[in-house]
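K.L.:
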Amino acid sequence: MDKTIAVCPGSFDPVTCGHIDIIKRAAKMFGQVIVVVMTNTAKRPLFSGEKRADMLRRSLCDLPNVQVDCYDGLLADYMRKVQGTAIVKGLRAVSDFEYEFQMALTNKKLCPEAETVFLTADAQNMYLSSSIVKSVGSMGGDIRDFVPPPVYEEIQERLVNSRKEDIL
Ligand code: ADP
Numbered sequence: 201m202d203k204t205i206a207v208c209p210g211s212f213d214p215v216t217c218g219h220i221d222i223i224k225r226a227a228k229m230f231g232q233v234i235v236v237v238m239t240n241t242a243k244r245p246l247f248s249g250e251k252r253a254d255m256l257r258r259s260l261c262d263l264p265n266v267q268v269d270c271y272d273g274l275l276a277d278y279m280r281k282v283q284g285t286a287i288v289k290g291l292r293a294v295s296d297f298e299y300e301f302q303m304a305l306t307n308k309k310l311c312p313e314a315e316t317v318f319l320t321a322d323a324q325n326m327y328l329s330s331s332i333v334k335s336v337g338s339m340g341g342d343i344r345d346f347v348p349p350p351v352y353e354e355i356q357e358r359l360v361n362s363r364k365e366d367i368l
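Each residue of the sequence shown is one higher than the one before, starting from 201 at the first, in my numbering.
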């Protein structure tokens, strides 16, 4: 039995088809994958951590070796807690590289047991980000091709409600 545990960390606010592609590919490479919703102090999220995790669970329910968790702390501490083998990250373009390289080296220093593994984004998801989904959705654009079906309605409802709040 494959006992390797990969952790896919991110803010997933909301999860996009780009994230889902990376998670599915990681699920083929490792025995178990834990998708962990983290707090990014530099960003003000649209969805709560629990809601982001709930949307991930509904989008990944067909993958038996994938679990979703939330963690409010250092990734290095989480890796030790779950005895993770690898941190799996997606790379879209050169612009992602510098930040991801810095994070990988920092995590290696804080948790030498875990290796960071980079998967290249699928060509058709190269341009996709949670921020693009939120901007397009908030201006009434069609985001159906950008997010997994179970989360489409959730996002629509939230964005429509927030537009109503802006108007009131
Ligand atoms: P962050 O809060 O660090 O920006 P995200 O939640 O946006 O994290 O993303 C989590 C991980 O998913 C990161 O490794 C990021 O590079 C990757 N990712 C984001 N969007 C895509 C995409 N369209 N294709 C492939 N990987 C992606």
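Even for Gly, the Cβ is constructed at its ideal location relative to N, Cα and C.
(1) Quick one, are the C-beta atoms of Ser233 and Ala206 less than 8 Å apart?
(2) Do you know offhand how far Leu368's Cα is from Ser248's?
(3) As a quick exercise: from Gln302, Asn361, Arg292, pick the residue whose alpha carbon is nearest that of Leu328.
(4) Tell me whether Leu305 is buried or exposed, calling it buried when 16 or more other Cβ atoms sit within 10 Å of its Cβ.
(5) Taking three-plus beta-carbon pairs below 8 Å as touching, is the stretch 217-235 in contact with the stretch 306-326?
(6) DSSP three-state call for Thr316: helix, strand or coil?
(7) Between Glu313, Phe318, Pro312, which has its C-alpha nearest Glu298's C-alpha?
(8) Can you look up Met201 in the DSSP assignment and give me helix, strand or coil?
(9) Would you call the stretch 305-315 and the stretch 273-284 touching, i.e. three or more CB-CB distances under 8 Å?
(10) Look at the alpha carbon of Gly284 and the alpha carbon of Ala314, and state the distance between them as a whole number of angstroms.
P.N.:
The structure says:
(1) A quick correction: the sequence has Val, not Ser, at residue 233. It is a contact, given that the beta carbons lie within the stated cut-off.
(2) Bear in mind that the predicted position of Leu368 carries a pLDDT of just 49, short of 50, making it too unreliable to give a figure here.
(3) Taking only the C-alpha atoms, the option nearest Leu328 is Arg292.
(4) The residue in question, Leu305, is exposed, as its Cβ has fewer than 16 Cβ neighbours within 10 Å.
(5) In the pairwise beta carbon analysis, the stretch 217-235 is classified as touching the stretch 306-326: at least three pairs are separated by under 8 Å.
(6) Of the three classes helix, strand and coil, the one that applies to Thr316 here is strand, per DSSP.
(7) Comparing Cα-Cα distances from Glu298 to each of Glu313, Phe318, Pro312, the minimum goes to Phe318.
(8) In the structure shown, Met201 adopts coil according to DSSP, grouped into three states.
(9) Yes, they touch.
(10) Distance between Gly284 and Ala314, taken at the CA atoms: about 6 Å.
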